[in-house]
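Asker: The structure that follows is given in the form of structure tokens.
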Ligand code: EPU
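Following this line, the structure appears as structure tokens:
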């Protein structure tokens, strides 16, 4: 298994280009099977999660061509025969569940192996399934599988108990060809949902309000093929903003949408980082002493849970006490134990982590327990004294395109060790 080694202590400088968003491209790939016509995704991020969801769809005879040099994915699902993808692949990645909505919509059925918990929480899918039932599907859970069938789906009003990103996306995809109108209330408002809405509308759907708390879907008869470029990855951009902040450096980040970054910009600004923007780029200047801050993760437009671990790393290097409260996932503090091995002073109290800034972090051998925790450990390694070696980097590869190469481009002393 690969490792990443970071020698801490270098300032960063220069520019970095942000890739398109993992959390946009995954539902978009899933949505592509709503039509038997070819769909093309341009400037797709070449990530492990993209390869896994593609492999899942290949097991139900979807033809997926990934051109890694051109960053293009061509999806042809005209030959799908059955709706029971290979369970060992489905289990490899939770986001496989995004194909439930498209399958029930186009084929009136699916059977998937149920997800277990994962490193950040139990992550049930009850809201997805309630949505399918509300549209008229018969949903059964048993023997480790979830199965659904519907002769036809009929639009309905669906109120989500919690604005779940995946449930909003799955219900939108399930409802595009349902008879009549579906309204999702208390829907998740993440920019990736707006992007999915645009993609579905380009495929022929009639969706109004994707990316707001009320999504209206008027059922259409058919969906067709289309071409799309997903939005930029706001979490990758945020991770590089923190890379600049933790090393007290100045860098330019290209290919971003400032609007999506507002909650991250607000918190970094509160900590004393200077952030300006010109259209598609933002400039991060952290070449000064920073202040401790408190953070609470919330559904969008609140502070993203996917930036929580990286911010924890930064706050470890800022004198004083900071508190992070995690409200989305119940177990997203696994980075703390690893950061403590690097000299961090973090106490976990229920859903909060209390971080006391330390004079210095020290390099250590640490483990990426999940995607964002892994990224946070790289960030800590950038300022730690000596060498930090991060294992289980496959978690990081799930969601960051060539993270070590992008950091090398900014002057970091970081390399991948192929084991
Ligand atoms: N939840 C339920 N029941 C459901 C669905 C969700 O109780 O039926 C709970 C979850 O257990 C969790 C909370 O609701 O506690 C939020 O889950 P949500 O459904 O919003 O998250 P998701 O769709 O599973 C997506 C991203 C995550 C990101 C979250 C929150 C994708 C593929 N994944 O997950 O991304 O953290 O939204 O913003 O879009 C990451 O990129 O590192 C990542 C984990």
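Numbering (the working numbering), first residue to last: 316 to 734.
We treat Cβ as the ideally placed atom computed from N, Cα and C, and that holds for glycine.
Given the structure is predicted, the values throughout are model-derived calculations rather than measurements.
Can you tell me the Cα-Cα spacing of residue 422 and residue 377, whole angstroms?
Answerer: Answer to the nearest angstrom: the Cα atoms are 14 angstroms apart.
Asker: Under 8 angstroms from any heavy atom of the ligand EPU, does the C-beta of residue 477 make it?
Answerer: At least one heavy atom of the ligand EPU is nearer than 8 angstroms to the Cβ of residue 477, so yes.
Asker: State the start and end residues of the unbroken beta strand (DSSP E) segment that holds residue 682.
Answerer: Unbroken beta strand (DSSP E) run through residue 682: 680–682.
Asker: Once DSSP output is grouped into helix, strand and coil, what is the label at residue 412?
Answerer: Of the three classes helix, strand and coil, the one that applies to residue 412 here is helix, per DSSP.
Asker: What is the DSSP secondary structure of residue 322, reduced to helix, strand or coil?
Answerer: Of the three classes helix, strand and coil, the one that applies to residue 322 here is strand, per DSSP.
Asker: Check whether the Cβ atoms of residue 597 and residue 629 sit closer than 9 angstroms, and answer yes or no.
Answerer: No. Outside cutoff.
Asker: Find the nearest neighbour of residue 583 within the set 593, 351, 560, judged by alpha-carbon distance.
Answerer: Among 593, 351, 560, the Cα nearest to that of residue 583 belongs to 560.
Asker: Name the residue from 408, 382, 418 whose alpha carbon lies nearest to the alpha carbon of residue 397.
Answerer: The shortest Cα separation from residue 397 among 408, 382, 418 belongs to 418.
Asker: Going by CA-CA distance only, name the one from 733, 722, 549, 548 that's closest to residue 707.
Answerer: The candidate whose alpha carbon is nearest that of residue 707 is 733.
Asker: Taking a contact to mean a Cβ-Cβ separation below 9 angstroms, would you say residue 637 touches residue 670 in this structure?
Answerer: Their beta carbons are under 9 angstroms apart, which means residue 637 touches residue 670 by this criterion.
Asker: Starting from residue 446 and walking both ways along the alpha helix (DSSP H), at which residues does that stretch end?
Answerer: 441–449 is the extent of the alpha helix (DSSP H) around residue 446.
Asker: Buried or exposed for residue 466, please, with buried defined as at least 16 other CB atoms from any protein chain shown within 10 angstroms of its CB.
Answerer: Classification of residue 466: exposed, given that the 10 Å Cβ count is below 16.
Asker: Note the first and the last residue of the continuous beta strand (DSSP E) segment covering residue 687.
Answerer: No beta strand (DSSP E) contains residue 687, which is instead part of the alpha helix (DSSP H) from 686–698.
Asker: Within 10 angstroms of the Cβ of residue 480, are there 16 or more other Cβ atoms? Answer buried if so, exposed if not.
Answerer: The residue is buried, with at least 16 neighbouring Cβ atoms inside 10 Å.
Asker: Just reading off the alpha helix (DSSP H) that residue 714 is part of, what are its end residues?
Answerer: Looking at the DSSP string, residue 714 is not in any alpha helix (DSSP H), and its letter there is neither H nor E.
Asker: Would you kindly work out how many angstroms separate the C-alpha atoms of residue 505 and residue 341, rounded to a whole number?
Answerer: Near 14 angstroms, if we compare the C-alpha coordinates of residue 341 and residue 505.
Asker: Please return the same chain residues whose Cβ sits closer than 8 angstroms to the Cβ of residue 573, not counting the five positions on each side in sequence.
Answerer: So the qualifying residues of the chain are 580, 592, 597.
Asker: According to the Cβ coordinates, are residue 500 and residue 475 closer than 9 angstroms?
Answerer: It is a contact, given that the beta carbons lie within the stated cut-off.
Asker: Going by the C-beta, is residue 620 closer than 8 angstroms to any heavy atom of the ligand EPU?
Answerer: It does: the Cβ of residue 620 is within 8 angstroms (strictly closer) of some heavy atom of the ligand EPU.
Asker: Suppose the cutoff is 7 angstroms on Cβ atoms and the five residues either side in sequence are ignored; what does the same chain contact list for residue 358 look like?
Answerer: These residues qualify, in order along the chain: 335, 386, 544.
Asker: Quick check: what's the CA-CA separation for residue 626 versus residue 351?
Answerer: Their backbone Cα atoms lie some 43 angstroms apart in a straight line.
Asker: In chain order, which beta strand (DSSP E) runs of at least 3 residues are fully inside the region 583–665?
Answerer: Entirely contained in the region 583–665, the beta strand (DSSP E) runs reaching 3 residues are, in chain order, 589–593, 596–600, 609–611, 636–640, 660–664.
Asker: According to DSSP, is residue 531 helix, strand or coil?
Answerer: Of the three classes helix, strand and coil, the one that applies to residue 531 here is strand, per DSSP.
Asker: Which same chain residues, not among the five before or five after residue 478, have their C-beta less than 8 angstroms away from its C-beta?
Answerer: Result list for residue 478: 501, 502, 503, 504, 528, 614, in chain order.
Asker: Could you pull the DSSP bridge partners for residue 426 from this structure?
Answerer: Paired residues: 462.
Asker: Report yes if the C-beta of residue 501 is less than 8 angstroms from at least one heavy atom of the ligand EPU; otherwise report no.
Answerer: Because no heavy atom of the ligand EPU lies under 8 angstroms away, the Cβ of residue 501 does not count as near it: no.
Asker: Between the alpha carbons of residue 339 and residue 489, how many angstroms are there, rounded?
Answerer: Going from the Cα of residue 339 to the Cα of residue 489 covers about 17 angstroms.
Asker: By Cβ distance below 6 angstroms, which residues in the same chain neighbour residue 444 in space, the five residues on each side in sequence not counted?
Answerer: Around residue 444: 454.
Asker: Whole angstroms are fine: how far does the CA of residue 381 sit from the CA of residue 370?
Answerer: Between residue 370 and residue 381, the C-alpha separation is close to 11 angstroms.
Asker: For the ligand EPU, any of its heavy atoms closer than 8 angstroms to the Cβ of residue 716?
Answerer: It does not: the Cβ of residue 716 is nowhere closer than 8 angstroms to a heavy atom of the ligand EPU.
Asker: Measuring CB to CB, does residue 713 end up less than 9 angstroms from residue 362?
Answerer: Yes.
Asker: Just list the residues that DSSP pairs residue 728 with in beta bridges.
Answerer: Bridge partners of residue 728: 322.
Asker: Beta-carbon within less than 7 angstroms of residue 691's beta-carbon, same chain only, minus the 5 sequence neighbours each way: which residues are those?
Answerer: Only 624, 625, 627, 628, 650 meet the Cβ criterion.
Asker: Going straight from the alpha carbon of residue 374 to that of residue 606, what length do you get?
Answerer: About 51 angstroms.
Asker: When you compare only the Cα positions, how much space is there between residue 704 and residue 685?
Answerer: The alpha-carbon atoms of residue 704 and residue 685 are separated by roughly 15 angstroms.
Asker: Cβ atoms of residue 609 and residue 640: under 9 angstroms apart, would you say?
Answerer: Yes, the pair counts as a contact, with Cβ atoms nearer than the cut-off.
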